[in-house]
Amino acid sequence: QKEVEQDPGPLSVPEGAIVSLNCTYSNSAFQYFMWYRQYSRKGPELLMYTYSSGNKEDGRFTAQVDKSSKYISLFIRDSQPSDSATYLCAMSARGGSEKLVFGKGMKLTVNP
Amino acid sequence: DTAVSQTPKYLVTQMGNDKSIKCEQNLGHDTMYWYKQDSKKFLKIMFSYNNKELIINETVPNRFSPKSPDKAHLNLHINSLELGDSAVYFCASSPAAGGFGYTFGSGTRLTVV
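Those sequence lines, one after another, are chains L and G. The end of the first sequence is residue 1524 by the working numbering, with every number in the run present. The end of the second sequence is residue 122 by the working numbering, with every number in the run present.
Here it is in structure tokens:
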């Protein structure tokens, strides 16, 4: 079993839809959880991060962590064509210079 | 002003050649990384340096050799290139302590023919 599992999709939704992206993990030591967005031919950019369990909201984006289920989610409200990208979850046991373990990435297309 | 810059952006080379990729960061971060992203977009760590010291060395063929002349630079040299080395190689940096999440470069797309 891989440490981090993520459905690679692809996922195609109409503009304005609510998008839910998910990852599961097996390593109970993970405490830091991140979502990266990667546009085509670009490097991943940090979108959201959370520490331990709970929710975090930033504009149209909400990140949720459920450590008891080893499950994390990213919700995108009122999705826009500019949200079309690959979304990668990532996690680590410690912050700072600890290595990140990534999911495979989910390719999202938002159609106008 | 690019935070993490890699050169070259594209590299096409023949099997058996030796090539280098360079990375520089101007964020003042202490730690730098090399990640490999395969054709299925899976990102996997290769190496990590903290202030010029190698701290992570994943299971990578010894044809790959990283070098960090100072904490702002991390280069990757690859000997005897093979077809399977074709991938996108990303450099990233992070603070050593406090704060988390990496800043990635835009990648070097390596194609071995």
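Think of the CB as a built atom: it goes at the ideal place given N, C-alpha and C, for glycine as much as any other residue.
Contact set for residue 38 of chain G: own chain, Cβ-Cβ below 8 angstroms, skip 5 residues either direction: 80, 102, 103, 104, 105, 112
Touch test, the region 23 to 32 of chain G against the region 47 to 57 of chain G, Cβ-Cβ under 8 angstroms, three pairs minimum: no
Per-residue contacts from residue 119 of chain G into chain L (C-beta, under 8 angstroms): Correct list: empty, because the minimum Cβ distance to chain L is about 14 angstroms.
Proximity test, residue 1483 of chain L beta-carbon vs the ligand HEM heavy atom, cut-off 7 angstroms: No copy of the ligand HEM appears in this structure; indeed no ligand is present at all.
Closest residue to residue 1473 of chain L among L/1459, L/1465, L/1480, L/1479 (Cα-Cα distance): L/1459
Partner residues on chain G for residue 1466 of chain L, Cβ-Cβ distance less than 7 angstroms: Under the 7 angstroms cutoff, chain G gives no residues; its nearest Cβ is about 16 angstroms from residue 1466 of chain L.
Residue 1502 of chain L - containing beta strand (DSSP E), residue span: 1497 to 1504
CB of residue 1486 of chain L within 8 angstroms of CB of residue 1502 of chain L, strictly: no
Cβ-based neighbour list, residue 1493 of chain L, same chain, cut-off 8 angstroms, excluding 5 preceding and 5 following: 1427, 1522, 1523, 1524
Closer than 8 angstroms at the beta carbon, the chain G residues around residue 1517 of chain L: 50, 51, 52
Nearest-angstrom Cα separation, counted from residue 14 of chain G out to residue 89 of chain G: 25 angstroms
Residue-level contact to chain G via CB, residue 1511 of chain L, 8 angstroms cutoff: yes
Collapsed DSSP secondary structure at residue 1494 of chain L in the structure displayed: helix
Coarse secondary structure for residue 79 of chain G, derived from DSSP in three states: strand
Residues sharing a beta bridge with residue 1466 of chain L, DSSP: L/1477
As assigned by DSSP and simplified to three states, the class of residue 36 of chain G: coil
Test item: CB-CB of residue 1482 of chain L and residue 51 of chain G under 8 angstroms: no
Contacts of residue 1454 of chain L in chain G (Cβ-Cβ under 9 angstroms): 113, 115, 116
Contact residues within the region 62 to 73 of chain G, judged by C-beta distance below 9 angstroms to chain L: 64, 65, 67
Within 8 angstroms, strictly: CB atoms of residue 1520 of chain L and residue 1421 of chain L: yes
Nonlocal neighbours in the same chain, by C-beta distance under 7 angstroms from residue 1479 of chain L, ignoring five residues either side: 1464, 1465
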